[in-house]
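Contents: one structure, followed by commentary.
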Amino acid sequence: RDAADHGQHPNRYGGGRHIRVRAIPPPAKDAEQKQPAVISATQGTEDTPLFDFKRYSSLTRLIRTAATVMIAAERFQKKNETSRKINSENIRKARILIEKLVQHETFSTEELLPQSGKRNDRITTLQIFADADGILRCGGRLERAELPLETIHPKLLPTKHKFADLVIQDVHERSSHSG
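In the numbering used here, the protein residues as written are 774 to 952.
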């Protein structure tokens with residue numbers, strides 16, 4: 774067969790003799806009424822986590838999911854057209870949100886605040902403070918060093934939390950599995 778009549782073959786692309794193609798009629802003019810949408814919602818308790826960290830296999834997926842949820846929530850609240858695409862600002866805000874959730878979920882306010890008398894020695898030696906975004910960071914001996922904030926004041930993360938595991942896994946993969 775010639776390449777020109779490739780699309781003319783009865784069993785390719787246009788359907789064969791055994792396939793019947795039926796045109797779908799356009800909707801009637803009266804049918805332009807919008808159908809009511811059904812929205813399902815569940816109510817959580819204070820103990821219900823916003824994200825189930827065990828369901829995510831990578832930090833990137835977790836953060837992108839959080840960014841998508843934040844965009845959807847923003848669109849729902851404002852009821853106007855905001856960008857549906859994830860950008861770097863959405864990613865940054867999503868990461869901050871997740872870090873705050875993990876810190877709030879893991880650490881109680883009483884053991885971290887300097888006003889309370891219940892601080893333990895381990896927390897006292899870390900010199901914990903909140904940065905401009907509300908993320909808890911550790912103080913230390915490197916305050917006068919000319920290093921980035923992330924290095925001088927690392928974020929306080931729980932040792933036995935899935936989010937901390939995802940952060941370690943992400944750094945390990947980004948550094949090409951070195952050490």
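Even for Gly, the Cβ is constructed at its ideal location relative to N, Cα and C.
Counting along the chain, where does the beta strand (DSSP E) carrying residue i start and finish?
i	result
Phe902	901–903
Arg910	909–911
Roughly how many angstroms separate the alpha carbons of residue i and residue j, rounded to a whole number?
i	j	result
Ala845	Arg857	8 Å
Phe849	Ala839	15 Å
Arg988	Leu922	Residue 988 lies beyond the range of the chain shown here (774 to 952); nothing can be said about it.
Ala955	Asn863	In the structure as shown, the chain begins at 774 and stops at 952. Residue 955 is therefore absent and cannot be evaluated.
His744	Arg837	Nothing can be reported for residue 744: it is not among the residues displayed for the chain, which extend from 774 to 952.
Glu916	Thr924	10 Å
Gln900	Ala867	26 Å
His934	Lys851	34 Å
Phe902	Gly913	11 Å
What residue does the alpha helix (DSSP H) around residue i start on, and which one ends it?
i	result
Leu832	832–851
Phe936	935–947
Arg865	861–879
Leu922	922–925
Quick one: residues in its chain with C-beta nearer than 8 Å to the C-beta of residue i, no 5 flanking neighbours on either side, listed in chain order?
i	result
Leu835	Phe824, Phe826, Tyr829, Ile871, Phe936, Leu939
Ile859	Arg837, Ala840, Thr841, Ile844
Go through its chain and collect everything with a Cβ distance to residue i's Cβ below 6 Å, but skip five positions before and after it.
i	result
Asn784	Summary for Asn784: the model assigns pLDDT 46, below 50, so the residue's position carries little reliability; its value from the coordinates is reported in the next sentence. Closer than 6 Å at Cβ, skipping near neighbours: no residue.
Pro927	Cys911
Considering only residues of the same chain and omitting the five flanking positions on each side of residue i, which have a CB-CB separation below 7 Å?
i	result
Thr898	none
Ile869	Asp906, Ile908
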